[in-house]
Amino acid sequence: MKTDYFAHDDVYKKLLAEGKVGWDETEQAYQRHKQQLREILDSDLTPTSGKILELGCGAGNISIWLAQRGYEVTGVDISPTAVSWAEQKVRSENILVDFKVRDVLDLKDLDKNSFDIVLDGHCFHCIIGTDRFKFLSEAFRVLKPGGLFIVDTMCGPVKPGKIENYDHQTKCVYYNDLAVRYIGLPDDIRAEIKSAGFKIITEQLRSDESNSDIIIQAVKPDKHKGSSSHCFSPVFYITD
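Mapping of the sequence shown onto our numbering: position 121 corresponds to residue 597, and the numbering continues sequentially without gaps.
The structure is reproduced here in structure tokens:
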């Protein structure tokens with residue numbers, strides 16, 4: 477399957493020129509995402525301070541909000557336009573976030589075992605084919621033992637007629653013959669995360685009339701402490 481991750485840069489150029497606030501275009505959309513994250517960050521499972529890496533930080537909206545909550549934040553994105561946009565925001569708001577133009581599949585300049593939390597910034601469903609294991613492997617490598625991995629990704633089953641150019645065999649959405657989104661079933665996504673070495677501790681399935689997504693919290697097992705003390709929570713089905 478062919479894809480072009482750098483094509484996201486053209487979209488960011490357009491969004492910036494149109495005066496949008498980021499990939500999700502409106503502040504209202506980001507407020508919904510922040511509320512979902514707030515529920516996770518306020519739980520007993522989540523460290524209240526420490527180092528967070530956001531994979532696919534885009535224009536920095538969530539990374540900046542996390543820094544305002546007291547975390548030490550690094551945000552990476554493949555789009556130079558998005559990272560420049562994010563850097564403009566932190567300068568104007570006098571907030572410290574380390575933004576980097578990076579390929580999330582190759583984070584060799586980030587040390588292993590260096591982050592308390594790794595956050596998928598709605599990036600995982602943009603990763604296609606065998607690159608998905610590379611994405612998860614890099615997240616696992618840079619996360620500290622016992623650290624938390626938060627994934628928020630689109631999932632199936634895709635409802636008939638709701639998503640154009642979706643191929644049920646590859647589970648990808650196509651645009652101009654390029655695979656641009658992977659929308660696997662929840663079982664597919666769980667299996668991917670487990671295969672990279674993570675232990676899933678909680679998950680939620682959210683659905684509206686057109687789309688579904690799954691939010692998974694997983695930990696990198698700490699071999700020195702034996703099995704994780706976290707207990708798996710049941711699946712919650714939330715319909716908007």
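Where is the CB? At the ideal position from N, CA and C, for every residue including glycine.
Predicted, not measured: the structure shown is a model, and the values here were computed from it.
Whole-angstrom distance between residue j and residue i, CA atom to CA atom
i: Gly534; j: His601; result: 14 angstroms
i: Asp566; j: Ile540; result: Looking at the sequence itself, residue 566 is Val, so the reference to Asp does not match. Rounded to whole angstroms, Val566 to Ile540 spans 7 angstroms at the Cα level.
i: Gly622; j: Ile692; result: 16 angstroms
i: Ile659; j: Tyr506; result: 21 angstroms
i: Ile554; j: Thr678; result: 29 angstroms
i: Val695; j: Arg666; result: 13 angstroms
i: Ser703; j: Val577; result: With a pLDDT of only 45 at Ser703, under 50, the local geometry of the prediction cannot be trusted, and no value is derived from it.
i: Asn585; j: Gly637; result: First, the amino acid is wrong: residue 585 is Asp here, not Asn. So the two alpha carbons sit approximately 43 angstroms from each other.
i: Gly498; j: Val656; result: 19 angstroms
i: Phe482; j: Asp607; result: 14 angstroms
i: Ile516; j: Gln645; result: 33 angstroms
i: Asp689; j: His598; result: 10 angstroms
i: Gln504; j: His700; result: 43 angstroms
i: Val552; j: Lys635; result: 32 angstroms
i: Trp561; j: Ala493; result: 11 angstroms
i: Gln511; j: Asp480; result: 31 angstroms
i: Leu681; j: Leu491; result: 29 angstroms
i: Arg514; j: Thr522; result: 10 angstroms
i: His509; j: Asn589; result: 27 angstroms
i: Glu640; j: Pro662; result: 20 angstroms
i: Phe609; j: Pro633; result: 21 angstroms
Supposed contact pair residue j and residue i - C-beta distance, whole angstroms, cut 8 angstroms
i: Ile604; j: Cys631; result: Contact flag wrong, Cβ pair sits at about 15 angstroms.
Selected residue, minimal CA-CA separation from residue i, among the options
i: Arg617; options: Asp582, Glu548, His644; result: Asp582
i: His484; options: Lys699, Tyr651, Phe674, Ile690; result: Tyr651
i: Val594; options: Gln504, Gln680, Lys527, Val559; result: Lys527
i: Ser613; options: Gly673, Asp574, Asp480; result: Gly673
i: Ala543; options: Asp574, Ala558, Leu531; result: Asp574
i: Glu501; options: Gln512, Gly536, Glu515, Ile516; result: Gly536
i: Ala615; options: Asp663, Pro633, Glu668; result: Glu668
i: Asp587; options: Ala562, Thr550, Leu572, Phe609; result: Thr550
i: Asp596; options: Glu563, Ile538, Glu548, Asn570; result: Ile538
Cβ pair residue i, residue j closer than 7 angstroms
i: Lys496; j: Leu654; result: no
i: Leu529; j: Phe591; result: yes
i: Leu619; j: Val580; result: no
i: Thr557; j: Tyr488; result: yes
i: Ser519; j: Gly546; result: no
i: Pro697; j: Lys675; result: yes
Touch test, the segment 607-627 against the segment 680-687, Cβ-Cβ under 8 angstroms, three pairs minimum: Result no; under three Cβ-Cβ pairs closer than 8 angstroms.
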